[in-house]
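Residue numbering for the sequence shown follows numbering that gives the first Met the number 0, beginning at 0 and increasing consecutively.
Glycine is no exception: its CB is placed at the ideal position from the N, C-alpha and C atoms.
One structure is given below, encoded as structure tokens.
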Amino acid sequence: MVSVAVSRITHQSGSERRTGRASLGAFLALAALTGCAPLSEPAPTTVPTPAPSADYPPSPVDTITDPSSGLFVDFTVDPVLDETGSGPATFELPEVDGKVAFYVTCSPTAEYRINVFDSFVSGDCSDVLAAFGTVPVSGESRTVRLSVPDGAMFHIVGIEQASDPPAPAVL
């Protein structure tokens, strides 16, 4: 709490002597200019609560649905797999036809490997989408195994790709 005292001001001019009180308005104006608050409790301040920081890297969907991205796929996608986690992980895919394109982001930067359909894709992974690969559907297993180092946070998305159209018939 700030205390304010109004003092008596004495002016002398020649043989004349005047005594008066300082103007409270002038004092308040001076206090405002100096950042002081006279005789009042400080106003409560609200500090914006920071948004909770995400532990996981951004979703690859944000990149593949952004037309300004070099990895743009479409404005909307319907993932058959969309998971976050840390360290190595295993997931099951639904029945799919054709191919599945996998997109993965990691934090911190790490190497990844995705084993699925008796095939795999691998490479470097970071929190900026650059890690992706398309795997043809084959075999009976729908198990997806993502290998990243222990403690590495990931976001993996699988997007089903249409099967290649059949070749035109030759008559």
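In the displayed model, Val60 falls within a helix according to three-state DSSP.
Thr133 places its beta carbon less than 8 angstroms from that of Ala100. Pro57 places its beta carbon 8 angstroms or farther from that of Gly157. Taking the CA atoms as reference points, Ser106 sits about 31 angstroms from Asp96. In the three-state reduction of the DSSP assignment, Pro148 falls in the coil class, being assigned neither a helical nor a strand state. Inter-residue distance for Ala109 and Phe131 is about 13 angstroms (C-alpha atoms, whole angstroms). Here Ile155 is near Val103, since their CB atoms are less than 8 angstroms apart.
Per the C-alpha coordinates, the member of Ile113, Glu94, Ala161 positioned closest to Cys124 is Ile113. Boundaries cannot be given for Arg141, as no beta strand (DSSP E) includes it and DSSP labels it neither H nor E.
Straight-line measurement puts the Cα of Gly86 at about 18 angstroms from the Cα of Pro59. Comparing alpha carbon positions, the residue from Gly150, Thr62, Thr142, Phe153 closest to Thr89 is Thr142. Checking the DSSP bridge columns, you'll see Ala88 partnered with Leu145.
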